[in-house]
Each structure stands twice: as C-alpha cells, then as structure tokens.
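S.K.: Residue numbers (this note's numbering), protein chains in the order written: chain A, 1 to 152; chain B, 1001 to 1749. We put the CB at the ideal spot given by N, CA and C, even for glycine. Only a predicted model underlies this, so the values are computations on that prediction, with no experimental measurement involved. Questions regarding the structure given below will be posed in turn.
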Ligand code: FES
Ligand code: FES
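Given below as structure tokens:
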C-alpha cells in the first residue's frame, strides 16, 4: 500500500491504495469520481482520458505510485479549466449518443485545442484516437472545429 | 433544468392501491402520491405514472424505455410536450420504475413488448404519450377554469402558461396540484399531425447531454452505495463448461480480498411465480463462473488473475477453430433442403441460360458496447435490490426474481444510464451473473464488473450466417426467373435465427421473381449467440444485396437500374431512396481504375408489408491503391421511415448506425480456439477511429410522408455493408463474399 498525495481538479487528495492501482481506479473507486470511464484498461479506447500535469493521458495506464504531487484534471473539473465552451457545443450539436466515451473525447479535444487552437482535419484525426462505438465521430469533429472557429 | 433525473434515493415500496384510471396511465392516483417511486420525487403533482408537474413548472416525464444513446427518453418527452404545450426548457425525463409497473399492474404498459416497448415513436407508444400530454393540458385548463369561474373552452394553454381573454394568466405549476386531481369526463382528441409544432418541426438535443458532458451522468459502472464491495468475474472460457477446481487460499491474503465465490448454474432457484419476462429466460441462463470480491475493483481483478482455476471445458472444446464450426454449418446446409422459409412457383421451370451462384458468410462479431457489462446487487435472505443498465427493465426484473427465487414484491430495480448496448443488454445474463455473485455474499451491495476481456469472451455474439444463393436469369429481361437460397445459421438458440432482412424483403414478396425456394438450417454449438444490432438482418443484407449485384453484372445491366427494375412494383419510396443515394454519390460518373461506387438497399424491421419499416439505401464510394489499401471516400444514404419526429436525432442515428455497419463489414470477426473465443480487447478487435471515418451524407429527400414514424437505429447497419463490397467490385473487379473485408487481398494491377 502507498499513501500518495495528489491534486485533483485543484483539490489536494490523499489516497491510500496499492501502488500499482491505475489512476483510473484511484479516481473512480477511491475518490468516488466516476466521470472518468473504464472501457478497455489497455490504452486502446481513451474513455479514461484525463489531464496529468496538463497533458492528456490514458489514466488506465498510470499507476498511483508515480503520482505524488501530480496535478490532475478530470471531466468533473474541465469546465473550470476552460472546457465549458466545448461542453456547451457538445450539447448544442447533439454530439453524444450513449455518452460513455464522451468524457474521454472531451478531455482529448480540450488537450488538442490547447496545443493547436486552430487544428486542421489531419490534426484532429491524429489527436482524437478515442473509440466511440456509437459512431459520433462526425459530430465530435464538427464540435471541435466549431470551438476552434475553423470552417466545418 | 433540462435534466435527466437520476435515481439516487433508496427505493421505498408501498402497496398503495391506485385508482383504475391509473392503469391506463391517464388519470392520477387519488390525492397526492405518498410513494416515492424509484426516481427522486419532486414536490410536483402527479398527473399519471408518466407525468409530474412541479410548482416551478418543471415537467418530469417518466419513461419505461431506457436511454441507450438513441434519444428514446427525450423522444417520449417530446411527444408529451407536443400536446401538453409546455415550455420545452422545463422538461426533464426520469426512468420509469418497473416495480411500480408491477405493483400497479401495468401503469407503463402500451403496445408491443409492452413495458419496454422499444420505440418512442411506435404507433401505440406515440398515441399513449400524446394522449397523456393532451389529458394533462385539459386538466390544467379545467383547474384554471374552476379558479377563474370561466368555461375551460375559453382558456388557452401555451408555453406552460394558461391564459384567458380577460387577461388572467396562471403558470402550469400554479394549478398543477388542483389539476392533478381532476378526472375529465372525456379524454380530449389529439391534434392532427399537420398541426404539430414540436414533433417533426424541431430538433432539440437529448435532454441528458449536460450530465454526460460534465461527467455527472450515472452509468451502471458509476453506481455508489454505502458499504459497497467490488467483484471481478470469470466464467468458463468455453461456454457451457464447468469449474473443476480452484484454490481460494492462494488469493485470500491479497490486499482487500474478502471472498472467492463460485457460481453454479444448478443454484438458480427459479421464479416462485409465473414470470412475465419479455423474452423468457433461455438466453439469460446462469453460466459456471468464479468471482473474487474485494474492497476495490483493482484488487478484485488482480486477485482473480492470480487465482488458480481449472475448468472442465466440456463438449464445446471440440471446435478447434471457427472455420471448423462454419464448415459444419455449411455441411449441414448441403445435406438438402432444410426448413422452408418460402416457396413459390417451381424453380425447375426456369429455362434461362445465365446462372448466378454465390456462397456468402458473415462470422461471429461482438457488440462491444463501450461500457463493460456490470450490475450492482444487494441480496439478503428476504430481499434484493439491483442497480443495472439494462435495455429492458421488464426482462431484468424477472431475471432477478428468477435468480434470487424471491417473490417479485421483494425485488427492487433501479435503472441507470447505459454505455451502449446494441442488443447485448437485453436478455439479462449480465445481471443474472451479478445477482448470483451478490447472493453468495449477502447483506452487502456488490458491484460486479465484467472486464473488457470477459465481455469479449462471454458475449452473446452475432449469429454467423452462411448462405448459398443460386439464380437463373431470364434470357430476355435479365431478371431472375428463379432463385434459391439455403441459409446456414450457427447457434442453438432459435430466437437468433431470424430471416428478417432476407425472406421478408420485397424481391421475395412482390412477385417479381416467380419461382422461389428459400430454406434454412441451424447448427447447434456451445458458443452463445444473441442480438446484434438488428439480429441476423445485418448479415442477410450483406448476402442478399451482394447477390443482387452479382445478378446485375451477369445480366449486363447497371446495378442501380437492375434494382429499380426488381422493385418497380413495390412501394415507390424504395426506388426513390435508391435514386437519391445514387445521384448524390455521383453514380454514373466515369471513375479512374481503383475507384468505384456501390449501392445497396434494405429494410428493417419487417419489409414484406408495404409502407412498413425503415428503408435505407446506401451508396459507398471507395478508392483502392494497387497495393490493396482501401479508402472509403464518401457514403450517401437516403431513407424512408415515413415521417420523422426529430430530424437531427434521426440524422445522428443514421450516421452512427452507418458507421457501425461499416466497421462490421471492414473489421469485425471473432475467432475460436478449442471452443473458446480468442479476441479479448480492442487491440485484437479493431473499431474505427476518427481518422477512418468518411463523410456521411444523410439525405431526407426520399421520405414518403407516410404517417408512420418508424425506428431508425437498426436499418442503416445493413445496406452499407454490401454497398461497400459492391463498390470494391466496381473499383477493382474483386467480389467479396465474406466479411470482414480487412482480411481480403484487395491488390490489383
Ligand atoms: S480504459 Fe484506458 S484507454 Fe480504455
Ligand atoms: S457515444 Fe456511445 S461510445 Fe461514444
């Protein structure tokens, strides 16, 4: 067991768990923050995407014992980190179907827009490697472009 | 506002007797409701089991069909709002309670598959929800009339406000409590469709999106309960096998581990009363399994991986690979005519010289909804409470009764959001296994999670279908004089050997092919199958529309023209869909070698009745490099579901279902080794990403305007698959008779 202190959405949190526990399960089971989703556990789907020290990561691949002092933003904290516009566009453009992938999609999209405020189609294709089984890709792309103010 | 109300409150039950009108869902119970039914109660007045209006005008619509991504709940609320004439921004939806339905003997039941019903625009469900809205509106008017001492006929209702010519106004919420007690002498007539102002006219986004986009929506996996523990589950890798031995002591000292429990199907007690499950229990039977229960899921998962387990794989282990299964199915098929699906004329009378033959196959595929299967259950000696993301609460409820053996009055169910389903969450086997685990660890809520690998290996897969086709073409017209089809289904569950998408299609029902003989046979195997986004339809569409293409080529007729000839005597909308999709795709243009357009059409759910179901035509445009790299450049779809209630919701479903079908055709195949499914995660079972997705153009111009508002989530999965194969043929002359296409060599020179 390791006792680790990290910041999640600006709040210091102390977690006492097995050191190999992935951040995904730390967030969900230990901190009760279930907005971050489990889809595959093997870095394939992106449903678990969060921002770790400002970078999008797949939280199912990040063990707790490397996280002392880390700064994490999850979907629950995205609005406060400038994501409110994206979230509003997700609503306006009726992006989600079942919605299960969308926390990860939003976290990946916010990361992309931070790095490339005016992404090209190719940039979006390259950055957005999350799986959506419902097939919302055209709308995710449209919402990212709208947020960036680039032509659809 | 505009929220999806989540069921958080613990669920109190009462045997309160309700007035007769309630069973129709029209009038309210006598007096104010005292029973918080499942969803959190607001302070509002209940107009029926379906509708509650709060003093602040919030309208809550409780819907028995849970949201799975298709907008079913928002659609039901739109229906109510159309007649209620309320402010849409004040509408929210909540999950209806199956326990309430049971205790009140059917408060939510209407039409086909009555609780679940499936489709918010289905004829009966639409009528019921419109009537509920109209009734509530007239009762609000009657309450205002009583206050103002004016005739109700002088009152208008709009945007959640009641108005009188004298200038008096009241908000709905101000009179809701009085209105809820009013019983109308007669139910009001519904508006004619032509006067609708919301349905078909506006496209509000789904009501639950703000919750989804902020991470607050509670899916099954997100349920949190005091004292909850977590379980990781493993069932016998070969379906139908048994647990031989295990050594719990090897993991009991691992961190957090509380128990190792064995699931033995013989311990299913069965329902103590005659069950009213939607589909029966045959497809939800308990499997042998073992689960580790721990404080946290990660601990449970690690301990399960470390647990020494030995299985008796059983008879299913004889299938060394999937091809062995498929060969056996084909061999059975070749033994002579099986079950007759359709027989017309006499195939021996055909005299044409051009013969077309083809043998087609579609393999096992997994639904792969993104939320892994899971359910949380709390079982005690005399009660059970279950939180689940089922597609059909009526099925789930009775599975829980069956697996606990408790009287239905002792079982409570809570619906959650679901992260996709595509047929996988309909039968309740996921819930049954969870209840079986929780039963072995009584008194604590146990969240049972199937890992992604467990979901892949314990699926209820698409039925593999292997179909041999044969046609004799008329020497003059080139159309088939005779056609035979012999379908080999794989899997022992007859519920999933459905000829829909095949023998019901107009080619076989319009009389255009005078001599027909369609047969099927089935090979029972251990590998379990189930519903996969329109059961069997998606396979049949691939077969039939590829074969029609082959007939067109053999006849030397453009394949669009050929279909138009075959469909000339059927509903015009079929031809309209084909022509529109073709035109928009650039059909008829001269394309460079390596590029091609393919087209296909199909209809779900039932196509042998005119003006029925949803017809979808898809035109797919591809480019293939000489090395065989395939690029799907564009997809155009045209459809007819009669009319649409929410145009953008329909567009979203067609986009998503088209991409689903495209992925099925391109990528999806499960393989078998010694009776067990091999693939365990998305690295072995590719799902398209953003970069793989072509522009999808959805064209509304072929809508017939017929009064039906048919379902749209399934039909587009079918035609895109043969359209893709036909496009590849057109581009490089290679005919693909088996999916997935990624395994075919598409190189050319
Ligand atoms: S759960 Fe982490 S990538 Fe899928
Ligand atoms: S919206 Fe369902 S998986 Fe993306």
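(1) Please name the residue or residues paired with residue 1163 of chain B in a DSSP beta bridge.
(2) Considering Cα atoms alone, identify which of B/1658, B/1340, B/1053 is closest to residue 1139 of chain B.
(3) Cβ atoms of residue 1652 of chain B and residue 1078 of chain B: under 9 Å apart, would you say?
(4) Grab me the residues of residue 1401 of chain B's own chain with a C-beta within less than 6 Å of its C-beta, minus the 5 sequence neighbours each way, in chain order.
(5) State buried or exposed for residue 1635 of chain B, treating a residue as buried only when at least 16 other CB atoms are found within 10 Å of its CB.
(6) Of all the CB atoms in chain B, is at least one closer than 9 Å to the CB of residue 99 of chain A?
(7) Does DSSP classify residue 1449 of chain B as helix, strand or coil?
(8) Taking the beta carbon of residue 61 of chain A as the centre, do at least 16 other beta carbons fall within 10 Å, making it buried, or is it exposed?
(9) Considering only the beta carbon of each residue, do residue 1719 of chain B and residue 1541 of chain B sit closer than 9 Å?
(10) Between B/1531, B/1311, B/1475, which has its C-alpha nearest residue 1493 of chain B's C-alpha?
(11) So residue 1637 of chain B and residue 1617 of chain B are supposed to be a Cβ contact under 8 Å. How far apart are they, rounded?
(12) Just verifying my parser: in three-state terms, what is the DSSP assignment at residue 1620 of chain B?
(13) Tell me residue 1521 of chain B's beta-bridge partners as DSSP assigns them.
(14) By Cβ distance, which residues of its chain are closer than 6 Å to residue 1170 of chain B, with the 5 residues on each side in sequence left out?
(15) Please check the pair residue 1339 of chain B and residue 1520 of chain B, which I expect to be a contact at CB under 8 Å, by giving their CB distance rounded to whole angstroms.
(16) What is the C-beta distance between residue 1299 of chain B and residue 18 of chain A, in whole angstroms, given that I count them as a contact (C-beta under 8 Å)?
(17) Relative to the alpha-carbon of residue 1254 of chain B, which residue among B/1304, B/1280, B/1288 has its alpha-carbon at the smallest distance?
(18) Look at the alpha carbon of residue 1788 of chain B and the alpha carbon of residue 1560 of chain B, and state the distance between them as a whole number of angstroms.
(19) Is there a Cβ of chain A sitting closer than 9 Å to that of residue 1451 of chain B, yes or no?
(20) Straight-line CA distance for residue 1039 of chain B to residue 1698 of chain B?
(21) Check this for me: beta carbons of residue 1497 of chain B and residue 1337 of chain B, under 9 Å apart or not?
(22) Buried or exposed: which applies to residue 1108 of chain B, given that a residue is buried once 16 or more other Cβ atoms fall within 10 Å of its Cβ?
(23) According to DSSP, is residue 1321 of chain B helix, strand or coil?
(24) Using only the heavy atoms of ligand 2, determine whether one of them is closer than 8 Å to the beta carbon of residue 98 of chain A.
(25) Taking C-beta to C-beta, are residue 1742 of chain B and residue 40 of chain A nearer than 9 Å?
(26) Pull up the distance between the alpha-carbon of residue 1029 of chain B and that of residue 1180 of chain B, whole angstroms please.
(27) Quick check: is the beta carbon of residue 94 of chain A nearer than 9 Å to any beta carbon in chain B?
(28) Please go through the same chain and pick out, in chain order, the residues whose beta-carbon is closer than 6 Å to the beta-carbon of residue 1729 of chain B, but skip the five residues on each side of it.
(29) Might you give, ordered along the chain, the residues of its own chain that have their beta carbon closer than 6 Å to the beta carbon of residue 1535 of chain B, omitting 5 neighbours on each side?
(30) Give me the DSSP bridge partner(s) of residue 984 of chain B.
(31) Is residue 59 of chain A near ligand 1, with its Cβ less than 8 Å from a heavy atom?
(32) Please compile the residues from chain B whose C-beta is within a distance smaller than 8 Å of the C-beta of residue 150 of chain A.
(33) Output the distance between the C-alpha atoms of residue 137 of chain A and residue 1216 of chain B, rounded to the nearest integer angstrom.
(34) Check the Cβ of residue 140 of chain A against every Cβ in chain B and list those closer than 9 Å, keeping chain order.
(35) Could you check where the alpha helix (DSSP H) with residue 1439 of chain B kicks off and where it finishes?
(36) Nearest-angstrom Cα distance between residue 1295 of chain B and residue 1427 of chain B?
M.R.: Short version:
(1) By one-based count along the second chain, residue 1163 of chain B stands at place 163. Beta-bridge pairing links residue 1163 of chain B to B/1156, B/1169.
(2) Counted from its first residue, the second chain places residue 1139 of chain B at position 139. Checked all of B/1658, B/1340, B/1053; the closest Cα to residue 1139 of chain B is B/1053.
(3) Residue mapping note: residue 1078 of chain B aligns to position 78 of the second chain, counting from 1. Residue mapping note: residue 1652 of chain B aligns to position 652 of the second chain, counting from 1. Not in contact: residue 1078 of chain B and residue 1652 of chain B (Cβ atoms no closer than 9 Å).
(4) Your numbering for residue 1401 of chain B matches position 401 in the second chain. The answer, listed in chain order, is 1271, 1408, 1411.
(5) As a first step, residue 1635 of chain B is located in the second chain; it is residue number 635 there, counting from the start. Looking at its Cβ environment, which holds 16 or more other Cβ atoms inside 10 Å, residue 1635 of chain B is buried.
(6) Here residue 99 of chain A refers to the residue found at position 99 of the first chain. Contact with chain B is found for residue 99 of chain A, since one of that chain's Cβ atoms lies less than 9 Å from the residue's Cβ.
(7) Here residue 1449 of chain B corresponds to residue number 449 of the second chain, with the count starting at 1. In the structure shown, residue 1449 of chain B sits in a strand (DSSP, three-state: E or B).
(8) Residue 61 of chain A sits at position 61 when you count from the first residue of the first chain. Label assigned to residue 61 of chain A: exposed.
(9) Looking up residue 1719 of chain B in the second chain gives position 719. Looking up residue 1541 of chain B in the second chain gives position 541. Cβ atoms of residue 1719 of chain B and residue 1541 of chain B: closer than 9 Å.
(10) For the purposes of this step, residue 1493 of chain B is taken as the residue at position 493 of the second chain. Considering only alpha carbons, the answer is B/1531.
(11) The residue you call residue 1637 of chain B lines up with position 637 of the second chain. The residue you call residue 1617 of chain B lines up with position 617 of the second chain. That belief holds up - the Cβ atoms of residue 1637 of chain B and residue 1617 of chain B are roughly 7 Å apart, short of 8 Å.
(12) Sequence index remark: in the second chain, residue 1620 of chain B carries index 620 (1-based). Residue 1620 of chain B: strand per DSSP, three-state reduction.
(13) By one-based count along the second chain, residue 1521 of chain B stands at place 521. Residue 1521 of chain B pairs with B/1488.
(14) To locate residue 1170 of chain B, count along the second chain from 1; it is residue 170. Taken in chain order, the residues that qualify are 1144, 1162.
(15) The residue labelled residue 1339 of chain B in the question sits at position 339 within the second chain. The residue labelled residue 1520 of chain B in the question sits at position 520 within the second chain. With 8 Å as the limit, residue 1339 of chain B and residue 1520 of chain B qualify as a contact, their Cβ atoms being about 5 Å apart.
(16) Position 299 of the second chain, counting from 1, holds the residue named residue 1299 of chain B. Position 18 of the first chain, counting from 1, holds the residue named residue 18 of chain A. Going by Cβ atoms, the distance from residue 1299 of chain B to residue 18 of chain A rounds to 7 Å, so yes, they are a contact pair.
(17) For the purposes of this step, residue 1254 of chain B is taken as residue 254 along the second chain, with counting starting at 1. The candidate whose alpha carbon is nearest that of residue 1254 of chain B is B/1304.
(18) Only positions 1001 to 1749 of chain B appear in this structure, which leaves residue 1788 of chain B out of reach.
(19) Counting from 1 along the second chain, the entry for residue 1451 of chain B is found at position 451. For residue 1451 of chain B, the closest Cβ of chain A is nearer than 9 Å.
(20) As a first step, residue 1039 of chain B must be located in the second chain, where it is residue number 39. As a first step, residue 1698 of chain B must be located in the second chain, where it is residue number 698. Annotation note: pLDDT 45 at residue 1039 of chain B (below 50); position unreliable, coordinate value reported separately. Using only the alpha carbons, I get a separation of about 37 Å.
(21) For this step, residue 1497 of chain B is matched to residue 497 along the second chain. For this step, residue 1337 of chain B is matched to residue 337 along the second chain. Contact: no.
(22) To locate residue 1108 of chain B, count along the second chain from 1; it is residue 108. Under this definition residue 1108 of chain B is a buried residue.
(23) Taking the first residue of the second chain as position 1, residue 1321 of chain B is located at position 321. Of the three classes helix, strand and coil, the one that applies to residue 1321 of chain B here is strand, per DSSP.
(24) Here residue 98 of chain A refers to the residue found at position 98 when the first chain is read from its first residue. True, at least one ligand heavy atom lies under 8 Å from that Cβ.
(25) Your numbering for residue 1742 of chain B matches position 742 in the second chain. Your numbering for residue 40 of chain A matches position 40 in the first chain. No, the Cβ-Cβ distance between residue 1742 of chain B and residue 40 of chain A is not below 9 Å.
(26) As a working note, residue 1029 of chain B is residue 29 in the second chain. As a working note, residue 1180 of chain B is residue 180 in the second chain. Because residue 1029 of chain B carries a pLDDT of 33, less than 50, the predicted location of this residue cannot be relied on, and no value is offered for it.
(27) As a position in the first chain, residue 94 of chain A is number 94, starting the count at 1. Taking Cβ atoms only, chain B reaches closer than 9 Å to residue 94 of chain A, which makes this a yes.
(28) Residue 1729 of chain B sits at position 729 when you count from the first residue of the second chain. Spatial neighbours of residue 1729 of chain B in its own chain (CB-CB distance under 6 Å, excluding positions within 5 residues in sequence) are listed in chain order as 1735.
(29) As a first step, residue 1535 of chain B is located in the second chain; it is residue number 535 there, counting from the start. So the list reads 1496, 1498, once near-sequence residues are dropped.
(30) No information on residue 984 of chain B is available, as it lies outside the stretch 1001 to 1749 that chain B covers here.
(31) Taking the first residue of the first chain as 1, we reach residue 59 of chain A at position 59. Indeed, a heavy atom of ligand 1 lies less than 8 Å from the Cβ.
(32) Indexing the first chain from 1 puts residue 150 of chain A at position 150. Chain B residues near residue 150 of chain A: none, gap ~15 Å exceeds 8 Å.
(33) Position 137 of the first chain, counted from the start, is the residue given in the question as residue 137 of chain A. Position 216 of the second chain, counted from the start, is the residue given in the question as residue 1216 of chain B. Their backbone Cα atoms lie some 22 Å apart in a straight line.
(34) Here the question's residue 140 of chain A lines up with position 140 in the first chain. Correct list: 1690.
(35) On the second chain, residue 1439 of chain B is found 439 positions in, with the first residue counted as 1. Note, residue 1439 of chain B: alpha helix (DSSP H), 1429–1439.
(36) Here residue 1295 of chain B refers to the residue found at position 295 of the second chain. Here residue 1427 of chain B refers to the residue found at position 427 of the second chain. If you take the alpha carbons of residue 1295 of chain B and residue 1427 of chain B, they lie about 29 Å apart.
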